[in-house]
Amino acid sequence: MRNRIATWLQGRGYRGVIIGLPYIWLLLFFFIPFLLVLAISFGTRTPTAPPFGYGGEHPWISFVGYSRLFHDDLYIRAFLVSLSNAATATVLCLLLGYPMSLALTRVSSSWRNILLMLVILPFWTSFLLRVYAWMGLMGKNSWFNALLTDAYNLLTPAAWHLNNIPMMHSNFAVVLVMVYTYLPFMILPLYANLERLDPVLDEAAMDLGSRPFRVFLDVTLPQSVPGIIAGAMLVFIPAAGELVIPTLVGDASSPMIGRVIADEFSSASDWPMAASVAIALLLLMVGPMMLYTHYQSKAEAGDEP
Amino acid sequence: MRRRPIFLITVMCFGFAFFYIPILSMMVYSFNGSRLATVWGGFSTKWYVSLLSNKQVGAALLLSLKIAVVSATAATILGTMAGITLARFRRFKGRTLFSGLVTAPLIMPEVITGISSLMLFILMAKFLGWPSSRGFTTVTLAHITFSMVFVTTIIQSRMLQADRAIEEAAMDLGSKPWAVLFDITLPVIFPAILSGWLLAFTISLDDVVITSFTTGPGNTTLPLLIWSKVKLGVTPDINALATLTVLVVGAGVALAGYLLNRSEKRRDADARLAYRDND
Chain A
-17 MRNRIATWLQ GRGYRGVIIG LPYIWLLLFF FIPFLLVLAI SFGTRTPTAP
33 PFGYGGEHPW ISFVGYSRLF HDDLYIRAFL VSLSNAATAT VLCLLLGYPM
83 SLALTRVSSS WRNILLMLVI LPFWTSFLLR VYAWMGLMGK NSWFNALLTD
133 AYNLLTPAAW HLNNIPMMHS NFAVVLVMVY TYLPFMILPL YANLERLDPV
183 LDEAAMDLGS RPFRVFLDVT LPQSVPGIIA GAMLVFIPAA GELVIPTLVG
233 DASSPMIGRV IADEFSSASD WPMAASVAIA LLLLMVGPMM LYTHYQSKAE
283 AGDEP
Chain B
555 MRRRPIFLIT VMCFGFAFFY IPILSMMVYS FNGSRLATVW GGFSTKWYVS
605 LLSNKQVGAA LLLSLKIAVV SATAATILGT MAGITLARFR RFKGRTLFSG
655 LVTAPLIMPE VITGISSLML FILMAKFLGW PSSRGFTTVT LAHITFSMVF
705 VTTIIQSRML QADRAIEEAA MDLGSKPWAV LFDITLPVIF PAILSGWLLA
755 FTISLDDVVI TSFTTGPGNT TLPLLIWSKV KLGVTPDINA LATLTVLVVG
805 AGVALAGYLL NRSEKRRDAD ARLAYRDND
């Protein structure tokens, strides 16, 4: 018996083990849980433990969760708030990240390594602590808030005087912290894309008399579209499903969708509803995910002729 | 001839200020004597003292490190296998589903991953009787699952760059597949395995959302401890904790950069020597 296993392992078993182990693991701990969520989204809430069931007085498959999605204001609002916060953060990340990535390709190589490391370094520190850092800055008594308040009072009529700017617990705070925590996700793919562009094209356009901004619009920008889309999706997808940031700095009266899922699940203990919202979020994300996988490989390959 | 890109440099300086001012401010305020975390009340190290004498913090850190080491090691083994699969086995039954399963956790919102894992554990406990309680085991299982796919992407891209000729030569000379794997493939991709492990380790050490769903009472990791404190507002001992984290991570990254740089230089020197000997 042991001998037969040994021969099998040396022959066809090699592929079997290498493919099989991670396959089984992902099926068991990722795919089955996903199917569970899908199945529970068609169930109904019951007072049993676990709190869902099928059949009984309801039809076997229930669409209660999904129909509530369209009829209850809370869910529609949450989806809209999530999408608009994530989209705003993505656009701001692009506006800030694109010039930064372009600048990184223009500095000398010794500087570039140091600056790239400075972009990545926050990645290795705690995400939670980076969100927390902004809680300190945005608070009513902080030096940062005082600075902004002074600037505001200086620029606006005396009648609009403010003692401090209420930044915390607003969509503004959520977007600001999202830009802060997700900016590296925008910079890194964009930089990888821009770095591979051929500078000869720039120079040719310059020699033919184009002004630098024209060169950027006509030569650099079109070639960096894959990088822009890959980076944008890398920011947009996690931002739309974000839970930590809106919980800590967001407006509790208009929650984002991640918060709604967690609350339905934990506080309301309504598994079918939480599952329906989760499936709806995933369906909304399918488009961005496909865009991302399509453009990510292109961005990494650069624009090959 | 190129003009200096003044606009780009300005935006870049603003960007780096944006990155680092919040962190620096937090570090400065960790030495704040006042109990009000955002009002300066003189220099003091009392928050460090209170942090370091807090037994809860020590226990949470220990649990986090245990989970991170175990889950990163398992995730590296499984993720490396998956990376080799995707890079070397071009055709097998179910490859499409497999590559989907490897990509999906990367883009799945963490809330959904957390809730679906918890649903699995609760249903397993009800119908199989295991896991009887949630804590180290369940958190580790969940961490392995979502960090192994990060290892896979690293290994896959490294394998696609690596030269297959050496592996094929060894096979042609009669080496068994496992010998080729351990003697050639793994040593060649070892740096990628190491960075995969490090990434899995930091992902696990940093995770809040998935841990908060898959853990049970009494099993608090460090991020969960911070999470429960921070939800109530800004507290000065978290500033101290953040400062220590940034210093440890910064020192680690600087050391890793230095070692990497040195080994690269040595390799270059070796390569030069080898070429000279050949001439």
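Heads up: the sequence lines are chains A and B, in that order.
When we follow this note's numbering, the leftmost residue of the first sequence carries the number -17, and every step to the right adds one.
When we follow this note's numbering, the leftmost residue of the second sequence carries the number 555, and every step to the right adds one.
Here a beta-carbon is modelled for each residue, glycine too, at the ideal position from N, C-alpha and C.
Please compile the residues from chain A whose C-beta is within a distance smaller than 7 Å of the C-beta of residue i.
i: Trp684/B; result: None at all; the shortest Cβ gap to chain A is about 13 Å.
i: Tyr583/B; result: Gly118
i: Ile563/B; result: Ala85
i: Asp760/B; result: Ser108, Phe109
Note down the Cα distance separating residue i from residue j, rounded to an integer number of angstroms.
i: Val603/B; j: Ala794/B; result: 9 Å
i: Leu640/B; j: Leu590/B; result: 54 Å
i: Asp760/B; j: Gly587/B; result: 28 Å
i: Thr739/B; j: Glu721/B; result: 7 Å
i: Val742/B; j: Trp601/B; result: 47 Å
i: Met255/A; j: Ala658/B; result: 22 Å
i: Arg718/B; j: Ala733/B; result: 15 Å
i: Tyr274/A; j: Trp594/B; result: 45 Å
i: Ala21/A; j: Val762/B; result: 26 Å
i: Leu110/A; j: Val693/B; result: 18 Å
i: Arg178/A; j: Val207/A; result: 13 Å
i: Arg830/B; j: Thr87/A; result: 34 Å
i: Gly(-2)/A; j: Leu632/B; result: 13 Å
i: Trp116/A; j: Asp132/A; result: 19 Å
i: Gly284/A; j: Val89/A; result: With a pLDDT of 48 at Gly284/A, under the threshold of 50, the predicted position of this residue should be treated as unreliable, and no value is reported.
i: Ile792/B; j: Val784/B; result: 8 Å
i: Gly806/B; j: Leu199/A; result: 41 Å
i: Leu798/B; j: Thr775/B; result: 17 Å
i: Gly683/B; j: Gly35/A; result: 20 Å
i: Phe105/A; j: Leu813/B; result: 20 Å
i: Ile560/B; j: Tyr134/A; result: 28 Å
i: Thr667/B; j: Asn146/A; result: 39 Å
i: Ser236/A; j: Glu818/B; result: 52 Å
i: Pro204/A; j: Ala68/A; result: 24 Å
i: Glu286/A; j: Val217/A; result: A caution first: Glu286/A carries a pLDDT of 43, below 50, which makes its placement in the model unreliable, though a value can still be read off. Taking the straight line joining both Cα atoms gives about 26 Å.
i: Gly811/B; j: Met678/B; result: 44 Å
i: Thr28/A; j: Phe247/A; result: 13 Å
i: Glu224/A; j: Val582/B; result: 29 Å
Between which two residues does the alpha helix (DSSP H) carrying residue i extend?
i: Gly654/B; result: 649 to 661
i: Met117/A; result: 109 to 120
i: Leu674/B; result: 664 to 681
i: Ser596/B; result: The sequence given here has Gly at residue 596/B, not Ser. From DSSP, Gly596/B is part of no alpha helix (DSSP H); its letter is neither H nor E.
i: Glu722/B; result: 718 to 726
i: Asn586/B; result: Per DSSP, Asn586/B belongs to no alpha helix (DSSP H) and is neither H nor E.
i: Asn(-15)/A; result: -16 to -8
i: Val623/B; result: 609 to 642
Considering only C-alpha positions, which residue in the set the options is nearest to residue i?
i: Ala122/A; options: Ile96/A, Ala155/A, Phe105/A, Leu100/A; result: Note that residue 122/A corresponds to Lys in the displayed sequence, not to Ala. When each option's Cα is compared against that of Lys122/A, the closest is Ala155/A.
i: Pro32/A; options: Pro745/B, Phe681/B, Ser817/B; result: Phe681/B
i: Ala628/B; options: Ala696/B, Val800/B, Leu651/B; result: Ala696/B
i: Ala754/B; options: Ile621/B, Asp726/B, Lys647/B; result: Ile621/B
i: Gly728/B; options: Met120/A, Phe218/A, Gly(-7)/A, Trp253/A; result: Gly(-7)/A
i: Phe16/A; options: Ile792/B, Leu809/B, Phe643/B, Leu672/B; result: Leu672/B
i: Ser124/A; options: Glu818/B, Ser579/B, Ser817/B, Asn815/B; result: Ser579/B
i: Val802/B; options: Val623/B, Pro663/B, Leu786/B, Thr756/B; result: Thr756/B
i: Gly787/B; options: Ser92/A, His151/A, Tyr57/A, His53/A; result: His151/A
i: Arg642/B; options: Asn815/B, Thr706/B, Leu779/B; result: Thr706/B
i: Ser23/A; options: Ile669/B, Cys567/B, Arg816/B; result: Ile669/B
i: Gly804/B; options: Ser248/A, Ile14/A, Ser108/A, Phe126/A; result: Ser108/A
i: Trp751/B; options: Thr599/B, Ser625/B, Gly569/B; result: Ser625/B
i: Tyr173/A; options: Leu78/A, Val197/A, Trp253/A; result: Leu78/A
Which residues of chain B have a Cβ atom closer than 7 Å to the Cβ of residue i, listed in chain order?
i: Phe16/A; result: Ser670
i: Trp116/A; result: Pro576
i: Gly240/A; result: Pro663, Val665
So with CB distances below 8 Å, who are the chain A contacts of residue i?
i: Ala614/B; result: Those within 8 Å of Ala614/B in chain A number zero; the least Cβ separation is about 13 Å.
So with CB distances below 7 Å, who are the chain E contacts of residue i?
i: Thr799/B; result: In the displayed structure, chain E is absent; the protein chains listed are A and B.
List the residues of chain B whose Cβ lies closer than 8 Å to the Cβ of residue i, in chain order.
i: Trp7/A; result: Leu632, Ile698, Thr699, Met702
i: Thr229/A; result: Lys785
i: Gly35/A; result: What Gly35/A touches in chain B: nothing, since even the nearest Cβ is about 13 Å away.
i: Val63/A; result: Under the 8 Å cutoff, chain B gives no residues; its nearest Cβ is about 15 Å from Val63/A.
Check the Cβ of residue i against every Cβ in chain A and list those closer than 9 Å, keeping chain order.
i: Lys680/B; result: Ala31, Pro32
i: Thr775/B; result: What Thr775/B touches in chain A: nothing, since even the nearest Cβ is about 11 Å away.
i: Gly569/B; result: Leu78, Gly79, Pro81, Met82, Ala85, Val101, Leu165, Ile169
Legend entry - Given 8 Å, three or more beta-carbon pairs between the segment 812 to 828 of chain B and the segment 158 to 171 of chain A: Not touching, per the Cβ criterion.
Legend entry - Contact between the segment 92 to 105 of chain A and the segment 564 to 575 of chain B (3+ Cβ pairs under 8 Å): The segment 92 to 105 of chain A vs the segment 564 to 575 of chain B: in contact.
Inset, instruction - Report yes or no: do three or more beta-carbon pairs, one from the segment -11 to 8 of chain A and one from the segment 693 to 703 of chain B, lie closer than 8 Å? - result: Yes: the two stretches touch, three or more of their Cβ pairs being nearer than 8 Å.
Inset, instruction - Decide yes or no for the touch test of the segment 166 to 174 of chain A against the segment 234 to 241 of chain A: beta carbon pairs closer than 8 Å, at least 3 of them. - result: The segment 166 to 174 of chain A makes no contact with the segment 234 to 241 of chain A; the number of CB pairs closer than 8 Å stays below 3.
Inset, instruction - State whether the segment 64 to 72 of chain A contacts the segment 43 to 54 of chain A, with contact taken as three or more CB pairs (one from each stretch) at a distance under 8 Å. - result: Cβ pair count under 8 Å is below three, so no.
Inset, instruction - Report yes or no: do the segment 177 to 195 of chain A and the segment 129 to 139 of chain A share at least 3 C-beta pairs separated by less than 8 Å? - result: Too few Cβ pairs lie closer than 8 Å, so no.
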